[in-house]
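Q: Taken in sequence, the protein lines are chains A and B.
Note that this note's numbering has the first sequence beginning at 8, numbered continuously upward.
Note that this note's numbering has the second sequence beginning at 1070, numbered continuously upward.
A single structure is presented below for examination.
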Amino acid sequence: MAFISSGYNPDKPMENRITDIGPRKFDEFYPPVIKKNKGKWLYHEILEPGVLVHVSETGDEVYTVRVGGARLMSVSHIREICEIADTHCDGHLRFTTRNNIEFMVDSREKLEPLKQDLASRKFNGGSFKFPIGGTGAGVTNIIHTQGWIHCHTPATDASGPVKATMDVLFDDFQNMRLPAQLRVSLACCLNMCGAVHCSDIAILGYHRKPPMLDHEYLDKMCEIPLAIAACPTAAIKPAKFELPDGTKINSVAVNEPRCMFCGNCYTMCPAMPLADDVGDGIVIMAGGKVSNRITAPKFSKVVVAFLPNNAPRWPETTDCIKKIVEAYAEGARKYERVGEWAERIGWERFFEKCELDFTHHLIDDFRDPAYYTWRQTTQFKF
Amino acid sequence: MAKHETPLLDQLESGPWPSFVSDLKQEAESRAKNEKGIEYQIPVDVCEDLLGVLELSFKHGRTHWKHGGIVGVFGYGGGVIGRYCDQPQMFPGVAHFHTMRVNQPAGKFYTTEYLRNICDLWDLRGSGITNMHGSTGDIILLGTTTPQLEEIFFELTHTYNQDLGGSGSNLRTPSDCVGQARCEWACYDTQAICHDLTVEYQDELHRPAFPYKFKFKFDGCPNCCVASIARADISFVGTWRDDIKIDQEAVAAYVGGELPSNGGSHAGRDWGPFDIQKEVIDLCPTECMWLEDGKLMIDNRECTRCMHCINVMPRALRIGDDRGCSMLVGAKAPILDGAQMGSLLVPFIKVEEPYDEIKEVIESIWDYWMEEGKNRERLGELMKRQGFQKLLEMTNIKAVPQHVQEPRHNPYIFWKEDEVEGGFQRDVNEFRKHHQR
Ligand code: HEM
Ligand code: HEM
Ligand code: SF4
Ligand code: SF4
Ligand code: SF4
Ligand code: SF4
C-alpha cells in the first residue's frame, strides 16, 4: 500500500491551499423538474405510503418515492443508490432530514418501474435495502447519533437499537394508520447530539454510575483543572491520595450524589471512564413535538427511567415503544400527536393506558424548571 | 471468511429494516476482493475491524472508543472529530478512526456524479463507511487515519470544490428543509439563505471563536421539518402576515369527500367521512374559522398560522403572499440547565437577498454572546442568566407582546436609573426639609 499524494505538500501547507469555499451550491444538484418549478408548487398528495406527488402551477408534476435506510451507509450502498437514480431519475436524488432517501421522477409512468426496482433489492442477510414508506400518519425513519460505532461517551448503541426498533415498528413505516405522524429519535448519551428532547418517542442512552478514578494515571493523562471545569454540576474537586506503595499523587475526588452522569469529565480526562455494562441503559421519553400545528412545540417527558442495554435487540426497549405506539393508536383522535393525546387524557391516564409504572424517578428535581411540572391544582384523575 | 466472529451483530441482519450489519459486511467483502485494484490508503480490513470492535461493544455493553484529542486540518478548528480505539492490538484497522464532516449542499439534493466522486475519494482514503447524514446535517465520512486528513481536504477543495463542515465552539454547519424546491408551504427560499449564510460566515464556521457551538436552521413554515425551533440557536421559521388564500371550490370538494384529507396522510385507517367542522374548524387553536353559506371563512387577524387547516386541506388553503420568517433564538438540548425551545425574538422579517437585515440581527446576537457568554454557555443559557430584556437591548429590538406567552408574574422590575424621572441621585437634606428624622 503505497502512499498516494493528493498534491498536498506537508512542508508547505499553505502552498496552493484552498479554504473557506463552503458547500457546493444547491442548484447544481436540482433535478430539472425541481429547478423549473421551484417556488411554484400548488399542492401535494400522498398516493400511497412512501409515494408523493407534488403538482406545480405550471402543470408539471414530480413523483417522489421515499425509502428508509440506515444512516450508517457504505460506499457500495451509495453506489447502488446512484445506480438506481441513474436508471430512473436522470441521476438525481435527495436525502431527508430524517435519513430517508427520496427518488424523484417527473411522470407517473416512471413510478412503477422505480418502485419495483427499489422494493426488489435486499441485503444478503434478508433485510430490505430500500423499503418504501415513511410518509403521513405513520412512523418514519429514526434520527440518531453515533453510539458504539464511533463515540467515546455513549451509554447505549445507536445503530443497533434503531434497527431493532424499526424492525418492530416496520408495519407503521409502511402504513398510515396512526392518528398523526409519530417521530422517534435516539441519542446515545445525555449530550443529545441528536436533540431528541422534542420527539414523540425518544430513546436516550443514560449512564447511572459516576466516573471511576484511575488515580495512579489521572495526573499523567489529564489536565486536572480542565477535568474539574468540565463538570456541569461542580461535582469534581482536586484531591491528594497515597498509593499503596506510599507515593503521594494529585488526583480528583467526585462528590457522587452530585454527579448527573454526563461524561463530560471523561471527554476531558480519559482517566475518568464511566461506561458500565449494567449501569448504562436507556431512558424512554415521550410526548414531544416540534411542529407548531394546533399546539405549541413540546418537550418530551421521561416516562421510563431505565431499561437495560440488552444487545443485540434491546427487547425491553422495543416492547415499551410498541406498547406506547399501540395505546396511542387506539386512544388518540385524528390529528392528535402523542403529547397532545397524553395532555388531553392526563399523564396519570397515559401511564395506565401504556401500562408503564410510575416511579419517583419521573418527578423532576433538576433545577428551576422542576417546580413547574408538579401538580398545582386539585384537578386530577383517579 | 470473516476476520472476526460476530454472533451478536449477525442477529441484526434479519428483520425487514435495512441492516447496517449487512451493509458493513458487504463493504468488508468488497474491500477484501478489491476488484477495482484500489491502493487503499488505510487498512484494507478497516470494516472487518469495525465489525469486530462493535461486536465487542455488544458483548461488553460498553463503547471501545477513546476521545480523539485534537486532530484536524491546518488552519481549521473544526470539521474533524478525532477518535482512537481502546483495543488497537485487537483491531488495528480502526486504531485511528477519525471522522470528517463534509458540508452538505442545502436541501440535500445530489447528482450521482457528485456522490460517486465522494465514494471514490472515501474508498481510497477512508473506511468506505459514511453517515448520510449526521444529525446536524453534514455528510459524515466515518473513519480514517491522521495522515489522510490533509490529503482528503486537499482533494475535496481542489478536485470537488467542496469544503468541510463545522465542529467545536464555532458555527455548526447550517441546514434547511426542502422548502420551495418541493414544498408548497415554504414561505421563503430556505436553500438560498442557508447557502448564503454558510458562505458568508465561513470564518465563523471554520475557526472557533465562540463561547460554544452555534446553530442556524431553516424551516420554510411552522411545520418545522428540520426541527429548527428545538435545536438551533437561531431558528428561521417561515411565516406570512396577510391572509390565507382560500379556494372555496376545493373546500367543497374536501367537504364532499372528493379530495383526501391531509393530502392522503391518513389513508391507512377508516376515520369515517371528512367532517370539516370537527377536523378543521373545531381544532383551530384560535377559533378563527367558521362556515357561512357553505363557504369557509377565516378571521385572518386572529389566525396564529399554526398550519393545521392548511395541512388538512392543501388544495383549498394556501399560505399568504406577504411572506418572511420569524426568528427564534436560544433553543438547545437539555445539557445543562434543561432543554430550551427557541424564544421568539423577531416576529417577522423579510427574507430577501442579500439578507442584510437578518445579518444585522445575527451579528448583534454574536457580539453580545461573545462579549458576555461564559465558556461553554449556549446563547439560550446566557439569555436565561441575563434576561430576555438584555437580548432585546443588545439587538436593539423593541419589546412587543408577541415576545411573551404572558406578562411577568412578579413586579420586581429592575428599573434603570435613566428610566426613572430625575435619576437615582437625590438630596436627602432636601427630603428632610419636609420629613423629620
Ligand atoms: C416591605 C414590604 C412591605 C411593606 C412595606 C408593607 C406594608 C404594608 C402596609 C403599609 C400595609 C397596610 C397596613 C394598614 O392597614 O395600614 C400592609 C398590609 C398588608 N400587607 Fe404588607 N407590606 C409589605 C410586604 C408584604 C408582603 C410580602 C405581604 C404578604 C405576602 C404583605 C401582606 C400584607 C397583608 C395581608 C396586609 C393586610 C391587608 C389588609 O388590610 O387586608 N405585605 N402592608
Ligand atoms: C416568617 C417570616 C420570615 C422569616 C422567618 C424570614 C427569615 C429570614 C431570614 C432568616 C433571612 C436571612 C437574614 C440574613 O441574611 O441573615 C431573611 C432575609 C430576608 N427576608 Fe425574610 N423572612 C420572613 C419573611 C419575609 C418576608 C415576608 C419578606 C418579604 C417581604 C422577606 C424578605 C427578606 C429579605 C428581602 C431578606 C434579605 C435577603 C438578603 O438581602 O440577604 N422575608 N429572612
Ligand atoms: S449523544 Fe453522546 S454518546 Fe451519542 S454521539 Fe453524541 S456525545 Fe456521543
Ligand atoms: S459525569 Fe458529569 S456530572 Fe458526573 S462527575 Fe463527570 S462531569 Fe461531573
Ligand atoms: S418546514 Fe414547512 S416548508 Fe419546510 S418542508 Fe416542512 S412543511 Fe415544507
Ligand atoms: S392556520 Fe391554524 S390558527 Fe390559522 S386558521 Fe388555520 S387552524 Fe386556525
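C-beta: ideal position from N, C-alpha, C; glycine also.
Under 7 angstroms Cβ to Cβ from ILE1418 of chain B, same chain only, skipping five residues before and after it: list those, please.
A: For this step, residue 1418 of chain B is matched to residue 349 along the second sequence. The residues are GLY1393, CYS1394, MET1396, GLU1426 and ILE1427.
Q: In whole angstroms, give me the CA-to-CA distance for TYR135 of chain A and LEU1233 of chain B.
A: Stepping through the first sequence from its first residue, residue 135 of chain A is reached at position 128. Stepping through the second sequence from its first residue, residue 1233 of chain B is reached at position 164. Correcting the residue identity first, residue 135 of chain A is Phe in this sequence and not Tyr. Straight-line Cα distance between these residues: approximately 32 angstroms.
Q: Could you tell me if the beta carbon of ARG265 of chain A falls within a distance shorter than 8 angstroms of some heavy atom in ligand 4?
A: As a position in the first sequence, residue 265 of chain A is number 258, starting the count at 1. For ligand 4, at least one heavy atom lies less than 8 angstroms from the Cβ of ARG265 of chain A.
Q: For ALA1175 of chain B versus GLN1260 of chain B, is the C-beta spacing smaller than 9 angstroms?
A: As a first step, residue 1175 of chain B must be located in the second sequence, where it is residue number 106. As a first step, residue 1260 of chain B must be located in the second sequence, where it is residue number 191. Result yes, Cβ atoms of ALA1175 of chain B and GLN1260 of chain B sit closer than 9 angstroms.
Q: Nearest-angstrom Cα distance between VAL60 of chain A and TYR70 of chain A?
A: Within the first sequence, the letter at position 53 stands for residue 60 of chain A. Within the first sequence, the letter at position 63 stands for residue 70 of chain A. Roughly 4 angstroms between the two C-alpha positions.
Q: Within the continuous beta strand (DSSP E) that includes ARG105 of chain A, where are the two ends?
A: In the first sequence, the residue the question calls residue 105 of chain A occupies position 98. Note, ARG105 of chain A: premise wrong, no beta strand (DSSP E); not H, not E.
Q: Return the bridge partner residues of LEU1190 of chain B from the DSSP annotation.
A: Position 121 of the second sequence holds residue 1190 of chain B. None, per the DSSP bridge assignment.
Q: Less than 9 angstroms between CB atoms is the rule here; does SER1099 of chain B satisfy it with respect to chain A?
A: Within the second sequence, residue 1099 of chain B is the residue found at index 30, counting from 1. Output row for SER1099 of chain B: interface = yes.
Q: Check the Cβ-Cβ distances between TYR335 of chain A and every residue of chain B, and say whether any is below 9 angstroms.
A: For the purposes of this step, residue 335 of chain A is identified with residue 328 of the first sequence, where counting begins at 1. Not an interface residue.
Q: The alpha helix (DSSP H) spanning ALA318 of chain A covers which residue range?
A: One-based indexing of the first sequence puts residue 318 of chain A at position 311. Per DSSP, ALA318 of chain A belongs to no alpha helix (DSSP H) and is neither H nor E.
Q: Does the distance from the CB of GLY145 of chain A to the CB of LEU193 of chain A come in under 9 angstroms?
A: As a working mapping, residue 145 of chain A is identified with position 138 in the first sequence. As a working mapping, residue 193 of chain A is identified with position 186 in the first sequence. No.
Q: Write down every uninterrupted run of the beta strand (DSSP E) in the stretch 41 to 106 of chain A whose length is 3 residues or greater and which is fully enclosed by it, in chain order.
A: Qualifying beta strand (DSSP E) stretches, in chain order: 48 to 55, 58 to 63, 68 to 74, 79 to 81 and 99 to 102.
Q: Residues around ligand 3, please: the condition is that the C-beta lies closer than 5 angstroms to some non-hydrogen atom of it.
A: Those satisfying the condition are, in chain order, A:THR152, A:GLN153, A:CYS158, A:THR160, A:PRO161, A:ALA194, A:CYS195, A:CYS196, A:ASN198 and A:CYS200.
Q: Would you be able to state if there are at least three C-beta pairs under 8 angstroms between the stretch 336 to 354 of chain A and the stretch 301 to 318 of chain A?
A: With a cut-off of 8 angstroms, the stretch 336 to 354 of chain A and the stretch 301 to 318 of chain A count as touching, because enough Cβ pairs lie within range.
Q: Is THR65 of chain A near ligand 5, going by C-beta to nearest heavy atom under 8 angstroms?
A: What you label residue 65 of chain A is simply residue 58 of the first sequence in a count that begins at 1. THR65 of chain A Cβ: outside cutoff for every heavy atom of ligand 5.
Q: Taking a contact to mean a Cβ-Cβ separation below 9 angstroms, would you say ILE1313 of chain B touches ARG1370 of chain B in this structure?
A: Translated into the one-based positions of the second sequence, residue 1313 of chain B becomes position 244. Translated into the one-based positions of the second sequence, residue 1370 of chain B becomes position 301. No. Outside cutoff.
Q: Short check: CB of LYS170 of chain A to CB of LEU1081 of chain B, under 9 angstroms?
A: Here residue 170 of chain A corresponds to residue number 163 of the first sequence, with the count starting at 1. Here residue 1081 of chain B corresponds to residue number 12 of the second sequence, with the count starting at 1. Yes; because the gap between Cβ atoms is below 9 angstroms, this pair is in contact.
Q: Kindly list, in the order they appear in chain A, the residues whose Cβ is closer than 8 angstroms to that of PHE1127 of chain B.
A: Here residue 1127 of chain B refers to the residue found at position 58 of the second sequence. Neighbours of PHE1127 of chain B on chain A, chain order: TRP155, ASP164, GLY167, ALA318 and PRO319.
Q: Run through DSSP, which three-state label would HIS1227 of chain B get?
A: Along the second sequence, read from residue 1 onward, the residue named residue 1227 of chain B stands at position 158. Residue state, collapsed to three classes: helix.
Q: Taking the beta carbon of MET1439 of chain B as the centre, do at least 16 other beta carbons fall within 10 Å, making it buried, or is it exposed?
A: Taking the first residue of the second sequence as 1, we reach residue 1439 of chain B at position 370. Exposed: under 16 other Cβ atoms inside 10 Å.
Q: Is VAL1295 of chain B close to chain E? Criterion is C-beta to C-beta, closer than 9 angstroms.
A: The structure shown contains no chain E; its protein chains are A and B.
Q: Is any non-hydrogen atom of ligand 6 found closer than 8 angstroms to the C-beta of ARG1392 of chain B, if you look at the structure I gave you?
A: The residue labelled residue 1392 of chain B in the question sits at position 323 within the second sequence. ARG1392 of chain B Cβ: outside cutoff for every heavy atom of ligand 6.
Q: Which partner residues of GLU263 of chain A appear in the DSSP bridge assignment?
A: Counting from one through the first sequence, the residue named residue 263 of chain A turns up at place 256. GLU263 of chain A pairs with nothing; no bridge assigned.
Q: Return the first residue and the last residue of the beta strand (DSSP E) that ASN1200 of chain B is part of.
A: By 1-based counting over the second sequence, the position of residue 1200 of chain B is 131. 1198 to 1201 is the extent of the beta strand (DSSP E) around ASN1200 of chain B.
Q: Counting only beta-carbon atoms, is LEU225 of chain A nearer than 9 angstroms to chain B?
A: Residue numbering aside, residue 225 of chain A sits at position 218 when the first sequence is read from its first letter. Cβ-Cβ to chain B under 9 angstroms: no for LEU225 of chain A.
Q: Could you pull the start and end residues of the alpha helix (DSSP H) that GLY167 of chain A belongs to?
A: Locating residue 167 of chain A in the first sequence gives position 160, where the first residue counts as 1. Here the alpha helix (DSSP H) through GLY167 of chain A covers 166 to 175.
Q: For a contact defined as C-beta to C-beta under 7 angstroms, what are the partners of VAL345 of chain A on chain B?
A: Position 338 of the first sequence, counted from the first residue, corresponds to residue 345 of chain A. Here the premise fails: no neighbours, minimum Cβ distance about 15 angstroms.
Q: Let me check you understand the geometry: is the CB of VAL1247 of chain B closer than 8 angstroms to at least one non-hydrogen atom of ligand 5?
A: Translated into the one-based positions of the second sequence, residue 1247 of chain B becomes position 178. Yes, since a heavy atom of ligand 5 falls inside the 8 angstroms radius drawn around the Cβ of VAL1247 of chain B.
Q: Please classify GLY1399 of chain B as buried or exposed, where buried requires at least 16 neighbouring CB atoms within 10 angstroms.
A: One-based indexing of the second sequence puts residue 1399 of chain B at position 330. With 16 or more other Cβ atoms within 10 Å, it is buried.
Q: Taking buried to mean at least 16 other C-beta atoms within 10 Å of its own C-beta, is ALA237 of chain A buried or exposed?
A: Position 230 of the first sequence, counting from 1, holds the residue named residue 237 of chain A. Buried.
Q: Counting beta carbon pairs with one atom in the stretch 1267 to 1274 of chain B and one in the stretch 28 to 38 of chain A, are three or more of them shorter than 8 angstroms?
A: With the cut-off at 8 angstroms, the stretch 28 to 38 of chain A and the stretch 1267 to 1274 of chain B touch.
Q: Within 9 angstroms (strictly less), CB to CB, does MET219 of chain A reach chain B?
A: Taking the first residue of the first sequence as position 1, residue 219 of chain A is located at position 212. By this cut-off, MET219 of chain A is not an interface position.
Q: Closer than 8 angstroms by C-beta to THR1464 of chain B: which residues in its own chain qualify, once you throw out the five before and the five after it? Chain order, please.
A: The residue you call residue 1464 of chain B lines up with position 395 of the second sequence. Within the same chain, THR1464 of chain B has close Cβ partners LEU1414, VAL1430, SER1433, ILE1434 and TYR1437.
Q: For GLY1307 of chain B, tell me which candidate among B:GLY1248, B:ILE1209 and B:SER1244 has the shortest Cα-Cα distance.
A: In the second sequence, counting from the first residue as 1, residue 1307 of chain B sits at position 238. When each option's Cα is compared against that of GLY1307 of chain B, the closest is B:GLY1248.
Q: Can you name the residues that DSSP bridges to MET1396 of chain B?
A: In the second sequence, counting from the first residue as 1, residue 1396 of chain B sits at position 327. For MET1396 of chain B, which the question treats as bridged, DSSP gives the partners B:PHE1305 and B:VAL1415.
Q: Taking GLY212 of chain A as the reference, which of A:THR254, A:GLN123, A:HIS95 and A:MET292 has the closest Cα?
A: Sequence index remark: in the first sequence, residue 212 of chain A carries index 205 (1-based). Here the closest residue by C-alpha is A:MET292.
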